[in-house]
Amino acid sequence: MDASYETTERTDLLQPLVDQKPPSDVGLESVLTESSLPYRRRVYLGACIEMKLLFRLALPAILVYIVNSGMNISARIFAGHIGGKELAAASIGNSCFSLAYGLMLGMGSAVETLCGQAHGAHRYDMLGIYLQRATIVLALVGLPLTLLYTFSYPILVLLGEPKSVSYMASMYIAALIPQIFAYAVNFTAQKFLQAQSVVTPSAYISAAAFLLQTVLTWVTVYVMGLGLMGIAYVLTISWWLIVVAQTLYITSSQRFRHTWTGLSWRSFQGLWSFFKLSAGSAVMICLEMWYSQILVLLAGLLKDPALSLDSLSICMSISALSFMVSVGFNAAASVRTSNELGAGNPKSALFSTWMATFVSFVISVVEALAVMVSREYVSYIFTADDEVAKAVSDLCPFLAVTIILNGIQPVLSGVAVGCGWQTFVAYVNVGCYYIVGIPVGCLLGFTFNFQAKGIWTGMIGGTLMQTLILLYVTYRTDWDKEYSIKETIVLAIVRIAFSVRPKCLKLVDKRSYKLHSFFCCCHNAVKRIPRQIDLLSLALRIRLASSSSPLFFCFGAEALLFVWTKLRVKVSSSTLANAKLVTLKSCAAKFHLCSSMATSDHPRSRHHRDESPTKPNKKKKASHNQEKNLLVNLHSCSKSKNLSAALSLYDAAIASGDVRLSQQHFQSLLYLCSASLGDPSLQTLAIDRGFQVFERMVGSGISPNEASVTSMARLAAAKGDGDYAFKVVKDLVAVGGVSVPRLRTYAPALLCFCERLEAEKGYEVEEHMEASGIALEEVEISALLKVSAATGRENKVYRYLHKLRECVGFVSEETSKVIEEWFCSEKASEVVRISSDLELLRAAALKNGGGWHGLGWVGEGKWVVKKGKVSADGECLSCGERLACVDTNEVETENFVNSLVALAVERKAKMNSCEPMEDFSEFQEWLEKHGDYEAILDGANIGLYQQNFVDGGFSLPQQLEAAVKELYNKSGNKKWPLILLHKKRVNALLENHNHRNVVEEWISNDVLYTTPPGSNDDWYWLYAAAKFKCLLVTNDEMRDHIFELLSTSFFQKWKLRHQVRYTFVKGSLKLEMPPPFSVVIQESEKGSWHVPITCQDGEESLRNWMCVTRQS
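Residue numbers for the sequence shown follow UniProt numbering, so the first one is 1 and each next one is one higher.
If you want it as structure tokens, here you go:
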């Protein structure tokens, strides 16, 4: 078989795999690694794939950038057609105003940081607060800028600019001053929108404003005769129109009803913290933006300043327009490189790098040739002055060289951003610009009298050096190592979090989770990063959100990689299984500023103020070492559970007075005290000293976090003081901020009240938990049920039975004893009289779904409680009643399917896809086309089942094939099931000659659908099973936080009715079909109860049921 034929066959095989649009889904990595293809053929196929992806990412970005820069260029064009001095004045005015533009743009970037964190933690109301706070800070910064620009004339004269040009420029700048405050609103609003992945409206608004500005400028200049001032007035009005449009969109759109809740006084809090956070990024952006503007100002000091300014500004305007193309490829290259590295495709990352560079280079060469061909005429777009046209023509060769260099450098910078080299790139940029570019330009322009050509040559020198450095670094990069580093870090962070407590993700409501609980787990597991973890959560959130948009990807990636490169994280091998030690660089001052800002809404943040950047003296350094050593020793005592030693260290530190105790010191002590409650000999000591430590902590002005409050609540509950345990939790909620209570925080107070039979207080804790969005679990529900039964509140008893059915389904042995005690009590046997019509109640209950009627407290006679089995067809062997099948209705199912679609799109947008809707919408279309299925197979779950065990199955495709054939034979209509399998695994199977025939058969029978990289295949198989109301073959417990569905009883009902479990023993497949009845607490229409009890082996036939019936 020749190569060409094999390629054709391969392409045909990929057709049924449907999703061709995402990066790796079109097989870039597999094409590049396909050794059977000739090298040129691989390059050609890879180029076709990559070109399509690059242009899809780059073109929208290019259009937006051109529109944004077009307003100032339009102003220069109109000014140039008025006269040479007017063009010079407009050029100087715009250059001077770039000070405000860069400062506001840089400071506005902090909004994306904070809003990204708030959005990720589902603290949606804080987005509006951050927006208002940022606007206030930027407006305050605008006041000194206004004062500065008011005196622009004497400043320009002092800098050596000609008086006539300086006067016109100062008048032009005066008319632009209101733009400062437009920037303050616009840039913060843009970042507010970008943090929520809303980009398109800003592009539409900017494009409309640009068109309107062009028309109004023509009217003011040529109709009204306002000249240069008319241009400035229209430019200012256009910016304010953008502001008004964005403001109206944010305040009126239902899309932001949760993130914009109106004006708030809270926006005036934390202004200084926001200023410190935003100042760093503003300085870096300004240094890069001011480079070209400084060259323009230097041109005003040459012999013929008006001519030099005009020619230089025209060439820079042309360069800026061509630069927008390269910036678009910069964004595209950044997205492509990081996506491929994240997907584990180092060869694709390298290929994407050079393809983006090559394409941008070719386009820049074409642009440079166009400039050279039109060098005699291009200046007439900006001015009618022949002398200026000649000067521009002389500069065009230099401009052409700059365009070519700018075709390479921004793309390589984008690649560097995608790889996480932001700090290095920043240093390279600033060094090449200010150490090479400007000094060389001044030397050639003034000393050697090359005038504008000399200044431009200096700029070329800086850009050339920058390009050469980036080319060298890119060439020397080990792409396999880059991928390995990122993979290790990501796995470390995620595994640490979930190894601590898998249930750390608490439900806020039926649709969302408090993601900060996840990062609290990271905080507890990862040592040496006590408060920096707030920025870790912030950066992860920004990275996920920003990857869906090339327009603001760079900042998000920078935030994430900054954390990764600044933290020093040490992870134990037991926690990470076989993961190696992850060591990163130590934390810097900028990191502390960001972390401080991330917790600025919590009062504890004031106790974590960063020290000034000045060099610490020896006393402070010694104190810092003592604090660090104390914390390490306390952690050691916690591991060995040595309470006495920890308290001795604490007492010694208090007595010395030289050690400043932090939140982490107190938290470690309180945890050790609460952990010692299980030892009767230490219980009294732990309680007494724990209360003392907590009092000192609060007295020192340190706000306790959730972990400290949880420990204190446990100590109070052990003392029998449930009121105090509940009080500390309510105080934590009242404070608000990042640290919030969890189930474990409330549990001590709730269980204490229930144990002391203080039912009303227990109900109060439950109400408080519901208000905080925290769901009860079996232990807490069982305690409430027990106290309700003990205090004779039968209505509450049946309410908690209903909660057990909704939240748990089957109960533990301990809970079953509580239920049995209730039904055996005298209170349960009493007749309850109600005024409502029982028949109407029964009818209403039946409409609500079988298996629960809510009438258990209606009836006469004592209850008889038995424990027994249920037959395979659902008949109770104790009473003979048949258990109900709690099926789902059409409306519930449709809502369930719609929620899955919305969730899949939302999650995909936060991952590595730039067009999240396309992946899933194409899957929906594919399902519609290929008809109804009776069973869906979770390919990875089945194929990899027990692969590492001797008594397991065989290979991945063989296990899948066994499941496919078994389901095909069981199907009465002889229908094939559908396999959902990730693209990477399918490619690996196709490349293996032993497995290719099996995969080809699946494809020919429409049995296989490949899920795209960057997505979770769980969304796909769950959606397909729900849509077709068919069986789902998987052993996945579906407890994954991704689904956000376990808070609803519907999901539990659906799962029980549709999930098929399986086992492989030495290659033999056994399917466990769902029972014809529901394994949940049930009450029959006759009033009897059936309660399923947890089965240790998971075998349904071995499960015990509690049968509760009335005596006849």
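Glycine included, every Cβ here is placed at the ideal spot set by N, Cα and C.
Measuring straight from C-alpha to C-alpha, what distance separates residue i and residue j?
i: GLU387; j: LEU302; result: 16 Å
i: LEU877; j: ALA988; result: 51 Å
i: SER98; j: TRP354; result: 33 Å
i: LEU263; j: HIS930; result: 52 Å
i: LEU980; j: TRP1019; result: 10 Å
i: CYS752; j: ALA686; result: 18 Å
i: ARG696; j: ALA100; result: 48 Å
i: ALA963; j: LYS1055; result: 19 Å
i: LEU127; j: PHE274; result: 14 Å
i: PHE923; j: PHE361; result: 37 Å
i: THR1109; j: PRO741; result: 41 Å
i: ALA306; j: ALA349; result: 48 Å
i: LEU515; j: VAL693; result: Legend: pLDDT at LEU515 = 35, less than 50; position of this residue unreliable, value from coordinates given subsequently. Cα to Cα, LEU515 sits roughly 30 Å from VAL693.
i: LYS1027; j: TYR1009; result: 16 Å
i: GLU1000; j: HIS982; result: 16 Å
i: LEU216; j: MET224; result: 10 Å
i: GLY437; j: LEU630; result: 51 Å
Which one of the options has the shortest CA to CA distance from residue i?
i: CYS824; options: CYS807, ASN1035, GLY792, VAL891; result: GLY792
i: VAL811; options: LEU661, CYS1095, PHE1028; result: CYS1095
i: MET107; options: ALA139, SER91, LYS85; result: ALA139
i: PRO1092; options: LYS1086, LEU801, LEU444, ASN1104; result: ASN1104
i: LEU1071; options: LEU1102, LEU193, HIS1058; result: HIS1058
i: LEU643; options: LYS276, GLY690, TYR44; result: GLY690
i: GLN269; options: VAL137, TRP239, LEU143; result: VAL137
i: TYR130; options: LEU143, LEU634, VAL111, THR146; result: VAL111
i: ALA47; options: THR220, THR710, LEU28; result: LEU28
i: GLU1085; options: VAL1065, LEU53, LEU883; result: LEU883
i: SER152; options: TYR434, LEU143, ALA169; result: ALA169
i: CYS222; options: LEU399, TRP863, PHE78; result: The displayed chain sequence assigns Tyr, not Cys, to residue 222. That would be PHE78, whose Cα lies nearest to the Cα of TYR222.
Is the Cβ-Cβ distance between residue i and residue j less than 8 Å?
i: GLU760; j: LEU750; result: no
i: SER638; j: SER668; result: yes
i: LEU1022; j: VAL1060; result: no
i: PRO977; j: ILE936; result: yes
i: SER352; j: ILE403; result: no
i: CYS432; j: GLY458; result: no
i: ILE82; j: LEU228; result: yes
i: TRP290; j: GLY102; result: yes
i: VAL157; j: SER166; result: yes
i: VAL378; j: ILE318; result: yes
i: residue 1122; j: ALA175; result: In the structure as shown, the chain begins at 1 and stops at 1112. Residue 1122 is therefore absent and cannot be evaluated.
i: VAL185; j: THR259; result: no
i: GLY230; j: TYR172; result: no
i: SER676; j: ARG714; result: no
The alpha helix (DSSP H) that contains residue i, what's its start and end?
i: THR150; result: 125-150
i: GLN213; result: 200-218
i: TYR1023; result: 1017-1028
i: PHE691; result: 680-699
i: TYR1009; result: Unbroken run through TYR1009 is the beta strand (DSSP E), 1008-1011; no alpha helix (DSSP H).
i: ARG744; result: 743-755
i: THR247; result: 227-252
If you measure from the beta carbon of residue i to each beta carbon in chain B, is any gap under 8 Å?
i: LEU405; result: No chain B is part of this structure, which consists of one protein chain only.
What are the start and end residues of the beta strand (DSSP E) that includes residue i?
i: HIS864; result: One point to set straight first is that residue 864 is Val, not His, in the sequence displayed. Taken as a continuous stretch (DSSP letters only), the beta strand (DSSP E) holding VAL864 covers 863-868.
i: HIS1090; result: 1089-1092
i: TRP1105; result: 1105-1110
i: ASP723; result: Taken as a continuous stretch (DSSP letters only), ASP723 belongs to no beta strand (DSSP E), being part of the alpha helix (DSSP H) at 722-735.
i: THR259; result: First-last for THR259: undefined, no H or E at that position.
i: LYS1070; result: 1068-1072
i: LEU159; result: No beta strand (DSSP E) holds LEU159; DSSP gives it neither H nor E.
Query raised in the report: Which ranges would you report for the beta strand (DSSP E) in the stretch 951-1002 if only whole runs of at least 3 residues count?
Result: 978-982
Query - 4-residue-minimum alpha helix (DSSP H) runs that sit fully inside the stretch 626-660, ordered along the chain - result: 643-656
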